[in-house]
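Comments concern the structure below.
Residue numbers (the working numbering): 6 to 195.
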């Protein structure tokens, strides 16, 4: 697993309609990426306060630099398989090599593709990679209560609801619940 994290700049995971590729400077420089991070409709469910401001390119560049240096995160661009079009990002986060668990997150920046199943496909590819290549034991994820799309994806992919945290997050000026999901390798049937 440590070798995979060390060589995270060279990963390509191919699915039916998309591929996850290591996030590069070309993705960072793509003007769509910064536009997505500045679009409230796209980032409102991410629950990162800095994204609710008009984030600067320098802030994004610093964030990517930190992820690249991290020994606990792998960051991917999601690209359409047929034309390599950059449509979003996928992250394996907080990788714990001792307990063999990690979290995940997905962002489909191209709103015209919302509801198309591409977020599910990206997460499914990530799950396969985490369990079958990295040898992880457990994958975790979470979302705020109003994010019905993400809740449906977790449930569709076999995640169990492990926690319901009351008024855990601040969203649009009010406290809302946070839902935590987990998936064990032995429970993943794909």
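Beta carbons: idealized from backbone N, C-alpha and C, even for Gly.
Following the DSSP letters along the chain, one finds residue 167 inside the beta strand (DSSP E) bounded by residues 165-176. Within the model, the alpha-carbon separation for residue 165 versus residue 88 is close to 35 Å. For residue 27, there is no enclosing alpha helix (DSSP H); the residue is found in the beta strand (DSSP E) stretching over 23-27. Following the DSSP letters along the chain, one finds residue 186 inside the beta strand (DSSP E) bounded by residues 179-189. Here the segment 153-164 does not lie against the segment 101-109, with fewer than 3 beta-carbon pairs under 8 Å apart.
In the three-state scheme derived from DSSP, where H, G and I count as helix and E and B as strand, residue 143 is classed as strand.
Runs of the beta strand (DSSP E) lying entirely within the segment 69-121, each at least 3 residues long, are 79-85, 91-101 and 106-113 in chain order. Secondary structure at residue 18: strand, using DSSP grouped into helix, strand and coil.
Taking each of 67, 127, 146 and 142 in turn and checking the Cα distance to residue 98, the smallest one comes out for 146.
Ranked by Cα distance from residue 177, the first of 90, 187, 41 and 150 is 150. Taking a C-beta distance under 8 Å as the contact criterion, residue 95 and residue 81 qualify as a contact pair. A Cβ-Cβ separation of about 7 Å places residue 141 in contact with residue 190 under the 8 Å criterion. Bounds of the alpha helix (DSSP H) holding residue 46 are 45-48.
The criterion of a C-beta distance shorter than 8 Å is satisfied by residue 25 and residue 130.
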